[in-house]
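Asker: Dropping the structure in here first, questions after.
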Amino acid sequence: MSRGDIPTIIDGSNRGGSRGVGEGRSSMIDAWIDSLYRFLSNVGYAHPLHPAFVHMPIGLVMGAFVFAWAALLFKKKALAQSARYCAILALLFWFPAMLFGFMDWRHFFNGAWLFSIDMKLVLAGILLVLQVIGLFLGSKERVGARSLLVVYSLCFFMVVGLGFFGAQLVYPSRAQATPEQYKAGERIFLANCSACHPQGGNVIKPDKPLINSPKLKDLKTFIKWVRNPDPPMPVYSPSKVSDQEAGELYQYVVHALERQKQPAP
Ligand code: HEC
489 MSRGDIPTII DGSNRGGSRG VGEGRSSMID AWIDSLYRFL SNVGYAHPLH
539 PAFVHMPIGL VMGAFVFAWA ALLFKKKALA QSARYCAILA LLFWFPAMLF
589 GFMDWRHFFN GAWLFSIDMK LVLAGILLVL QVIGLFLGSK ERVGARSLLV
639 VYSLCFFMVV GLGFFGAQLV YPSRAQATPE QYKAGERIFL ANCSACHPQG
689 GNVIKPDKPL INSPKLKDLK TFIKWVRNPD PPMPVYSPSK VSDQEAGELY
739 QYVVHALERQ KQPAP
């Protein structure tokens with residue numbers, strides 16, 4: 489199958505229209521977000537932004553945590569001051585991390601309300617509140633206060649939780665190892681599909697699982713579906729998943745994923 493005969497809705501020409509992937513999404517903001525990702529992908533960056541950026545707040549929350557405990561342990565006020573600087577920077581970086589998370593969610597998950605997304609929002613909200621509390625508790629004269637240790641430690645647990653649910657979105661736990669020849673397809677599946685179709689199910693529409701789907705009848709039917717699925721499943725244009733990758737994906741879904749569910753006959 490050549491590229492030309494696959495309908496591609498995601499490219500700019502159809503984007504503003506009433507049909508297609510934009511359905512049900514607040515189209516102005518999403519169109520803007522999608523055009524930014526399209527630009528990035530044109531210059532060679534086709535990945536989500538949040539995972540690349542999120543190390544900033546995470547690292548700084550860790551820094552505040554470690555410095556604050558070290559200050560207590562070694563009775564060094566300077567270390568407590570370092571903890572405070574980390575905490576302030578961590579608070580500043582909360583905002584872009586959140587913005588990129590929102591953009592990735594709209595673009596890569598089509599704004600779907602997944603359990604891990606809910607959990608991340610709750611944890612991020614608590615983290616922000618804790619960070620603001622820390623900002624006031626740690627003002628100049630109280631920079632080494634014990635109560636700060638509690639706040640920084642709680643922040644630490646929030647980012648651990650955020651990391652856990654972030655990983656859960658990308659790498660849901662798997663019961664069985666995948667045979668070597670399907671590893672390429674598995675990678676594509678984990679990067680694009682598994683958040684909504686963990687273990688071949690469907691978290692948005694449980695009655696439409698990937699496993700045993702009629703869309704898996706043959707490769708052609710499968711590619712046709714991923715290029716132009718029913719919303720809210722996002723469209724996968726050839727720039728996101730090429731025909732060759734779709735083929736590998738198909739092999740993985742049919743031979744590895746389906747096998748895990750039902751023992752081979
Ligand atoms: C944002 C969530 C989401 C993502 C990501 C997603 N899907 Fe879907 N998928 C859905 C939903 C929702 C449906 C049901 C659509 C409908 O028919 O109403 C669906 C349906 C399907 C079906 C047809 C099931 C049936 O029998 O009706 C297949 C096949 C499928 N998805 C494959 C994939 C593949 C392959 C990927 C990755 C390239 C993927 N999906 C990524 C949400 C998603």
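Residue numbers (our numbering): 489 to 753. Glycine included, every Cβ here is placed at the ideal spot set by N, Cα and C.
Express the C-alpha separation of Leu707 and Val741 in angstroms, rounding to a whole number.
Answerer: As a first step, residue 741 is located in the sequence shown; it is residue number 253 there, counting from the start. As a first step, residue 707 is located in the sequence shown; it is residue number 219 there, counting from the start. Cα to Cα, Val741 sits roughly 11 Å from Leu707.
Asker: Hey, out of Ala540, Asp718, Ala558 and Val554, whose CA is closest to Asp592's CA?
Answerer: Counting from one through the sequence shown, the residue named residue 592 turns up at place 104. For the residues Ala540, Asp718, Ala558 and Val554, the minimum Cα distance to Asp592 belongs to Ala540.
Asker: The alpha helix (DSSP H) spanning Cys643 covers which residue range?
Answerer: Position 155 of the sequence shown holds residue 643. That run of the alpha helix (DSSP H) goes Arg634 to Val658.
Asker: So Val639 and Leu625 are supposed to be a Cβ contact under 8 Å. How far apart are they, rounded?
Answerer: Start at 1 with the first residue of the sequence shown, and residue 639 comes out as number 151. Start at 1 with the first residue of the sequence shown, and residue 625 comes out as number 137. Their Cβ separation, rounded to whole angstroms, is 6 Å, which keeps Val639 and Leu625 in contact under 8 Å.
Asker: For a test of the three-state rule: what should DSSP assign to Ser682, helix, strand or coil?
Answerer: What you label residue 682 is simply residue 194 of the sequence shown in a count that begins at 1. Coil.
Asker: If Gly622 and Ala575 are in contact, beta carbons under 8 Å, what's the gap, nearest whole angstrom?
Answerer: Working through the sequence shown from its first residue, we reach residue 622 at position 134. Working through the sequence shown from its first residue, we reach residue 575 at position 87. Right, the Cβ-Cβ distance comes to about 5 Å (below 8 Å), so this counts as a contact.
Asker: For Leu637, I'd like the list of residues in its chain whose CB is within less than 8 Å of its CB, leaving aside the five on either flank, ordered along the chain.
Answerer: Here residue 637 refers to the residue found at position 149 when the sequence shown is read from its first residue. Answer for Leu637: Ala556, Trp557 and Leu560, listed in chain order.
Asker: Got a sec? Which residues, its chain only, sit under 7 Å from Leu678 by beta carbon, not counting five neighbours each side?
Answerer: By 1-based counting over the sequence shown, the position of residue 678 is 190. If we look at Leu678 and ignore the five residues flanking it on each side, its Cβ neighbours are Val658 and Tyr659.
Asker: Can you tell me where the alpha helix (DSSP H) with Trp520 in it begins and where it stops?
Answerer: Position 32 of the sequence shown, counting from 1, holds the residue named residue 520. It spans Ser515 to Asn530 - the alpha helix (DSSP H) in which Trp520 sits, taken as one unbroken run.
Asker: Under three-state DSSP, which class holds Met721?
Answerer: Walking along the sequence shown from the start, residue 721 turns up at place 233. Note: Met721 maps to coil in three-state DSSP.
Asker: Using CA atoms only, rank isn't needed, just tell me which of Phe597, Asn690, Pro694 and Val531 is closest to Gly654.
Answerer: Taking the first residue of the sequence shown as 1, we reach residue 654 at position 166. Closest option to Gly654, Cα to Cα, is Phe597.
Asker: Kindly list the residues whose CB is nearer than 6 Å to the CB of Ile521, restricted to its own chain and excluding five residues on each side of it in sequence; keep chain order.
Answerer: On the sequence shown, residue 521 is found 33 positions in, with the first residue counted as 1. Here the set comprises Met591, Arg594 and His595.
Asker: Lys705: buried (16+ other C-beta within 10 angstroms of its C-beta) or exposed?
Answerer: Position 217 of the sequence shown, counted from the start, is the residue given in the question as residue 705. So Lys705 counts as exposed.
Asker: Helix, strand or coil for Tyr573 per DSSP?
Answerer: Numbered from 1 along the sequence shown, position 85 holds the residue referred to as residue 573. Helix at Tyr573.
Asker: If you draw a straight line from the C-alpha of Gly599 to the C-alpha of Arg630, how long is it?
Answerer: As a first step, residue 599 must be located in the sequence shown, where it is residue number 111. As a first step, residue 630 must be located in the sequence shown, where it is residue number 142. Computed Cα separation, rounded: 42 Å.
Asker: Consult DSSP for Val610 and reduce its assignment to one of helix, strand or coil.
Answerer: Within the sequence shown, residue 610 is the residue found at index 122, counting from 1. Note: Val610 maps to helix in three-state DSSP.
Asker: Find the nearest neighbour of Ser725 within the set Lys696, Gly532, Arg526 and Tyr738, judged by alpha-carbon distance.
Answerer: If you number the sequence shown from 1, residue 725 lands on position 237. Considering only alpha carbons, the answer is Arg526.
Asker: Hey, is the stretch 564 to 572 in contact with the stretch 609 to 619, meaning 3+ C-beta pairs nearer than 8 Å?
Answerer: With the cut-off at 8 Å, the stretch 564 to 572 and the stretch 609 to 619 do not touch.
Asker: Kindly list the residues whose CB is nearer than 7 Å to the CB of Gly512, restricted to its own chain and excluding five residues on each side of it in sequence; keep chain order.
Answerer: Translated into the one-based positions of the sequence shown, residue 512 becomes position 24. At Gly512 the pLDDT is 48, less than 50, meaning the model places this residue with poor confidence; the figure from the coordinates comes in the next sentence. Closer than 7 Å at Cβ, skipping near neighbours: Pro719 and Pro720.
Asker: Can you determine whether any heavy atom of ligand 2 sits closer than 7 Å to the C-beta of Phe597, and answer yes or no?
Answerer: Within the structure as shown, ligand 2 is missing, the only ligands being ligand 1.
Asker: Quick check: the stretch 691 to 698 against the stretch 663 to 673, are there 3 or more CB pairs under 8 Å?
Answerer: Contact fails: fewer than three Cβ-Cβ distances are below 8 Å.
Asker: Verify the contact flag: Ala683, CB atom, against every heavy atom of ligand 1, threshold strictly below 7 Å.
Answerer: As a first step, residue 683 must be located in the sequence shown, where it is residue number 195. At least one heavy atom of ligand 1 is nearer than 7 Å to the Cβ of Ala683, so yes.
Asker: Could you tell me whether any non-hydrogen atom of ligand 1 is closer than 7 Å to the CB of Tyr729?
Answerer: On the sequence shown, position 241 is the one that residue 729 refers to. Strictly speaking, residue 729 in this sequence is Val, with Tyr absent from that position. It does: the Cβ of Val729 is within 7 Å (strictly closer) of some heavy atom of ligand 1.
Asker: Relative to the C-alpha of Phe645, which candidate in Ile711, Ala552 and Thr709 has its C-alpha closest?
Answerer: The residue labelled residue 645 in the question sits at position 157 within the sequence shown. Taking only the C-alpha atoms, the option nearest Phe645 is Ala552.
Asker: Under the rule that 16 or more other beta-carbon atoms within 10 Å means buried, what is Met586, buried or exposed?
Answerer: Position 98 of the sequence shown, counted from the first residue, corresponds to residue 586. Buried is the call here.
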